[in-house]
Each structure stands twice: as structure tokens, then as C-alpha cells.
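672 is the number that the working numbering gives the last residue of the sequence shown; the numbers go up by one with no jumps.
A virtual CB, placed ideally from N, CA and C, is assigned to each residue, including glycine.
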Amino acid sequence: MSTYSDRARERRHARSLYLELRALGLDVRVEQIPEEPLCYRVTVGGLRSLSPAHADRVVRCVRDNEAGLVQVLLCRWDPDLHAVRREGSCR
């Protein structure tokens with residue numbers, strides 16, 4: 582079981598990671614897995630615009646923080662997430 586501070590840290594990290602990915606011009610989406618109705622996965626489009634080493638780092642970060650990113654993309658945490666998503670869509 583995770584503590585409140587663990588969940589808060591996960592939330593902060595996922596929010597900043599989402600903004601970082603959007604700042605790189607990447608398309609970050611969440612998809613429901615058809616075989617598992619309650620499971621989701623994060624997909625990132627535009628990785629080819631990055632160097633292979635940078636793309637690998639991004640993929641690792643997304644995998645490590647997938648649960649938090651799903652929550653950010655589905656806007657399930659706090660009201661500030663709408664503002665985070667709006668900020669992430671600005672270029």
C-alpha cells in the first residue's frame with residue numbers, strides 16, 4: 582500500500598513528465614486495452630523526431646510512470662489537471 586506522500590510524488594512527477602513530453606512536440610495519448618476493460622496504456626507519437634538515445638530515455642520514463650500518466654490523461658486527480666493539459670497543448 583502506498584502512502585499519501587508516495588501518491589503525491591507520483592502525481593507531481595507524472596504531471597511534469599506530461600508537460601515535458603508535450604514540450605518536445607510528442608503526441609501523448611491513453612488507450613483502453615480491448616482485452617482488459619479496466620486497463621489502459623499510454624502511447625507516444627512523434628518519437629522519430631528525437632535521437633534514438635533520447636527516444637529510448639523517453640520510452641523508459643513513460644513505462645516507469647505509466648500509471649501516473651494514465652491518471653493525468655484521464656483527468657482523474659485534481660482540478661489543476663485541466664490547466665496542465667491546456668498548458669501542454671499550447672506551443
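{"query": "Secondary structure of Glu581, DSSP reduced to three states", "result": "For the chain, the structure presents residues 582 to 672; residue 581 sits outside this window and is missing."}
{"query": "For Leu607 and Val625, believed in contact at Cβ under 8 Å, the rounded distance", "result": "5 Å"}
{"query": "Backbone CA spacing between Arg638 and Cys620 [nearest angstrom]", "result": "24 Å"}
{"query": "Beta bridge counterpart(s) of Arg596 as assigned by DSSP", "result": "Partner(s): none; Arg596 has no beta bridge."}
{"query": "Gly626, enclosing beta strand (DSSP E) - first and last residue", "result": "Tyr621 to Gly626"}
{"query": "Boundaries (first-last residue) of the alpha helix (DSSP H) holding Gly649", "result": "Glu647 to Leu654"}
{"query": "For Asp608, the residue or residues it bridges with in DSSP", "result": "Gly626"}
{"query": "Cβ-Cβ separation, Leu598 to Cys642 (assumed contact under 8 Å), whole Å", "result": "6 Å"}
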